[in-house]
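Following: one structure in structure tokens, then a few remarks.
Residue numbers (the numbering used here): 3 to 164.
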């Protein structure tokens, strides 16, 4: 920008976007100062480098506004958790699956945790059967991102929205 441009000749674009041609750098800088603007290097890798006469402060302000607007409209996804047990009743399981579907429709990931206690560890196939029924019921609402795996005394899977 301005005096930091070290090239001898540059292609200059005016404040309204018009081509001013190839000028020596000091002449282009003087012209920018006379009109009350800054000389900003836009394309340094082209030959000759392209510089634009513009209000740099206003340009930076508009960029920050645009960045702020784009961040405002981003939706952050959360990971919601549903806890199950190997002996969860059929009706209770249906309610939990309905809740998972609402989470997925809102765009959130869902972590399903099935916890074993005591001697339930001996009959892990009961928990796997519960987890498989959950997978079948959620087939239309989401995709399995993290398949059911044992972590300690828990069987864990993560479902992402479609």
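Beta carbons: idealized from backbone N, C-alpha and C, even for Gly.
According to DSSP, residues forming a beta bridge with residue i
i: residue 156; result: 117 and 153
i: residue 56; result: 40
i: residue 163; result: 144
i: residue 11; result: 26
i: residue 220; result: The requested residue 220 is not part of the displayed model; the chain covers only 3 to 164.
is_contact[residue i, chain D] using C-beta, thresh 8 Å
i: residue 115; result: In the displayed structure, chain D is absent; only one protein chain is listed.
Inter-residue Cα distance where the pair is residue i and residue j
i: residue 139; j: residue 99; result: 7 Å
i: residue 57; j: residue 10; result: 22 Å
i: residue 17; j: residue 72; result: 26 Å
i: residue 22; j: residue 107; result: 55 Å
i: residue 127; j: residue 157; result: 11 Å
i: residue 84; j: residue 67; result: 39 Å
i: residue 190; j: residue 136; result: The requested residue 190 does not occur in the structure, where the chain is confined to residues 3 to 164.
i: residue 104; j: residue 160; result: 15 Å
i: residue 82; j: residue 64; result: 37 Å
i: residue 19; j: residue 70; result: 26 Å
i: residue 8; j: residue 143; result: 59 Å
i: residue 31; j: residue 51; result: 14 Å
i: residue 49; j: residue 12; result: 8 Å
i: residue 35; j: residue 62; result: 18 Å
i: residue 109; j: residue 141; result: 15 Å
i: residue 131; j: residue 124; result: 14 Å
Residue burial classification, residue i (beta-carbon count within 10 angstroms, cutoff 16)
i: residue 44; result: exposed
i: residue 41; result: buried
i: residue 145; result: exposed
i: residue 27; result: buried
i: residue 89; result: exposed
i: residue 133; result: buried
i: residue 121; result: exposed
i: residue 102; result: buried
i: residue 112; result: buried
i: residue 24; result: exposed
Residue i: CB within 7 Å of a non-hydrogen atom of the ligand NAP
i: residue 90; result: Among the components of this structure there are no ligands whatsoever, and the ligand NAP is therefore not found.
Give the list of continuous alpha helix (DSSP H) stretches no shorter than 4 residues that lie fully inside the region 46-97.
58-74
Counting Cβ pairs, one atom from each stretch, are 3 or more of them under 8 Å apart for the region 86-98 and the region 52-67?
Contact between the region 86-98 and the region 52-67 is absent, with fewer than three C-beta pairs closer than 8 Å.
Pair every Cβ in the region 149-158 with every Cβ in the region 114-125, then say whether three or more of these pairs are closer than 8 Å.
yes
What alpha helix (DSSP H) runs, 4 residues minimum, are completely inside the region 16-40?
27-36
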